[in-house]
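Trainee: This structure is in structure tokens; I'll ask about it shortly.
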Amino acid sequence: MEGSLISLYLSYKKATKLILDWLLSTAGYEQFRHSQLTTTDIVNAARQIQEKNIAVPEYVLSNFRQALAKRRAVHSAYVKHRGPGQEEDDLKHKAFIDRLDQAYKILLPFGTGPHSPPVSINEQKEETPTHAVNRFASLVDIELIDNINDQSEGLQRSNIDDSRVPLPEKTQQVLQDDDIGDYIELSRFIYELDAICAKVNGYWTDVASGTLSIAVAGFMTNTA
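Following my numbering, the numbering of the sequence shown begins with 507 at its first residue and continues without gaps.
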């Protein structure tokens with residue numbers, strides 16, 4: 507279950523990165539030169555684009571829709587399973603979504619036809635884990651997540667063509683008011699650590715059963 511939540515988060519994160527890349531290269535908003543941003547910065551950048559009457563490529567708007575849909579899915583699961591005394595966190599998560607939605611609505615009237623998104627030179631594909639320990643199960647509504655993942659993949663295929671324009675290397679922007687994102691990043695770290703421990707335990711189980719030598723197990727442990 508946690509793997510589905512992480513998959514949803516990574517897709518949201520990718521969509522948000524494309525939005526930030528375009529805003530950085532287009533809005534001329536000084537705050538975007540810093541690595542630590544907030545959703546308020548996204549709203550302010552959108553307002554600058556509005557003031558300059560700049561056309562907004564459809565891929566930017568489609569990624570806004572993907573980011574909003576997936577973020578709302580996580581929030582819906584959070585509200586469904588939250589415990590007592592977490593109402594303040596719920597309000598923060600809702601405000602985060604509301605600011606993204608505000609920026610999207612500011613940019614929507616300036617939308618144009620399909621355009622291909624720019625790609626950073628050092629952009630790397632993030633791998634999605636297929637299994638995970640059940641530490642965040644209370645946040646996940648699997649059917650909701652799977653439906654939104656299917657819809658977003660269709661959006662990406664219909665709005666992005668194969669021609670790409672590279673961007674110069676730059677500082678990686680991070681949304682510092684993304685509390686749920688912080689929790690999921692921690693979950694990813696725990697998942698990876700657990701996966702390494704399970705792999706190493708398997709090596710030494712094989713040693714105990716006589717199917718693997720101590721020397722080979724030691725080498726494989728060091729490279730795990």
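Note that the Cβ used here is the ideal one computed from N, Cα and C, for glycine as well.
On a predicted model such as this, the values are computed, not experimentally measured, just so you know.
If you measure between the beta carbons of Leu-606 and Ala-579, is that distance less than 9 Å?
Mentor: Here the question's residue 606 lines up with position 100 in the sequence shown. Here the question's residue 579 lines up with position 73 in the sequence shown. No, Cβ-Cβ distance for Leu-606 and Ala-579 is not below 9 Å.
Trainee: Exposed or buried, which one is Gln-630 when buried takes at least 16 other CB atoms within 10 Å?
Mentor: If you number the sequence shown from 1, residue 630 lands on position 124. Residue confidence for Gln-630 is low, a pLDDT of 41 falling below 50, so the modelled location carries little weight and cannot support an answer.
Trainee: Within 10 angstroms of its Cβ, does Val-566 collect 16 or more other Cβ (buried), or is it exposed?
Mentor: Taking the sequence shown and counting its residues from 1, the one referred to as residue 566 is at position 60. Buried, by the Cβ-count rule.
Trainee: Quick one: what's got a C-beta closer than 8 Å to Ala-721's C-beta in the same chain, skipping five residues either side?
Mentor: Position 215 of the sequence shown, counted from the first residue, corresponds to residue 721. Closer than 8 Å at Cβ, skipping near neighbours: no residue.
Trainee: Under 7 Å Cβ to Cβ from Gln-608, same chain only, skipping five residues before and after it: list those, please.
Mentor: On the sequence shown, residue 608 is found 102 positions in, with the first residue counted as 1. These residues qualify, in order along the chain: Val-549.
Trainee: According to DSSP, what are the bridge partners of Val-562?
Mentor: Start at 1 with the first residue of the sequence shown, and residue 562 comes out as number 56. Val-562 pairs with Gly-617.
Trainee: Quick one: is the Cβ of Asn-550 within less than 8 Å of any heavy atom of the ligand FAD?
Mentor: You won't find the ligand FAD in this model; it holds no ligand whatsoever.
Trainee: Rounded to whole angstroms, what's the CA-CA distance from Ile-586 to Ser-513? Just pull it up for me.
Mentor: To locate residue 586, count along the sequence shown from 1; it is residue 80. To locate residue 513, count along the sequence shown from 1; it is residue 7. It is Lys, not Ile, that sits at residue 586 in the sequence shown. So the alpha carbons of these two residues sit roughly 20 Å apart.
Trainee: Using DSSP with H/G/I as helix, E/B as strand and the rest coil, what is Ala-723?
Mentor: As a position in the sequence shown, residue 723 is number 217, starting the count at 1. In this structure, Ala-723 counts as helix in the three-state DSSP scheme.
Trainee: Going along the chain, which residues of its own chain have a beta-carbon closer than 6 Å to the beta-carbon of Val-562, five neighbours each way excluded?
Mentor: The sequence position of residue 562 within the sequence shown is 56, counting from 1. Within the same chain, Leu-613, Phe-616, Gly-617 come within 6 Å of Val-562 by CB-CB distance, once the 5 residues on both sides are set aside.
Trainee: Can you tell me the Cβ-Cβ gap for Ala-723 and Asp-712, rounded? I've got them flagged as a contact below 8 Å.
Mentor: Here residue 723 refers to the residue found at position 217 when the sequence shown is read from its first residue. Here residue 712 refers to the residue found at position 206 when the sequence shown is read from its first residue. Confirmed, about 7 Å.
Trainee: So, at 6 Å on beta carbons, what are the nonlocal neighbours of Asn-569 in its own chain, with the 5 sequence-adjacent residues on each side left out?
Mentor: Looking up residue 569 in the sequence shown gives position 63. So the list reads Ala-521, Leu-524, Ile-525, once near-sequence residues are dropped.
Trainee: Can you tell me whether Trp-528 is buried or exposed, with buried defined as 16 or more other CB within 10 angstroms of its CB?
Mentor: Position 22 of the sequence shown holds residue 528. With 16 or more Cβ atoms within 10 Å of its Cβ, Trp-528 is classed as buried.
Trainee: With distances taken from CA atoms, which of Ser-517, Cys-703, Ala-552 is nearest Lys-576?
Mentor: Counting from 1 along the sequence shown, the entry for residue 576 is found at position 70. The residue with the shortest Cα to Cα distance from Lys-576 is Ser-517.
Trainee: Where does Ala-714 land, buried or exposed, given buried means 16+ other C-beta within 10 angstroms?
Mentor: In the sequence shown, the residue the question calls residue 714 occupies position 208. Residue burial annotation: Ala-714 is exposed, with fewer than 16 other C-beta atoms found within 10 angstroms of its C-beta.
Trainee: Within a Cβ cutoff of 6 Å, which residues of the same chain sit near Ala-704, ignoring the five residues on either side of it in sequence?
Mentor: Position 198 of the sequence shown, counted from the first residue, corresponds to residue 704. Answer for Ala-704: no residue qualifies.
Trainee: Compare the Cα-Cα distances from Thr-532 to each of Gly-708, Arg-571, Glu-557 and report the closest residue.
Mentor: The residue you call residue 532 lines up with position 26 of the sequence shown. Considering only alpha carbons, the answer is Glu-557.
Trainee: Alpha carbons only, please: which of Lys-611, Leu-699, Lys-598 is nearest the one belonging to Ala-552?
Mentor: Walking along the sequence shown from the start, residue 552 turns up at place 46. For the residues Lys-611, Leu-699, Lys-598, the minimum Cα distance to Ala-552 belongs to Lys-611.
Trainee: Since Leu-699 and Tyr-709 should fall inside the 8 Å C-beta cutoff, what is the C-beta to C-beta distance between them, to a whole number of angstroms?
Mentor: Start at 1 with the first residue of the sequence shown, and residue 699 comes out as number 193. Start at 1 with the first residue of the sequence shown, and residue 709 comes out as number 203. About 16 Å; that fails the 8 Å criterion.
Trainee: Considering only their Cβ atoms, is the gap separating His-581 from Ile-603 smaller than 9 Å?
Mentor: By 1-based counting over the sequence shown, the position of residue 603 is 97. By 1-based counting over the sequence shown, the position of residue 581 is 75. Pairing Ile-603 with His-581 gives a Cβ-Cβ distance under 9 Å.
Trainee: So, for Arg-663: in the same chain, excluding its five sequence neighbours on each side, which residues have a beta-carbon less than 6 Å away from its beta-carbon?
Mentor: Along the sequence shown, one-based indexing puts residue 663 at 157. Caution is warranted here: a pLDDT of 47 is assigned to Arg-663, below 50, making its placement in the model unreliable, and the coordinate value is therefore given only provisionally. Counting only Cβ-Cβ distances below 6 Å, and skipping sequence neighbours, we find nothing.
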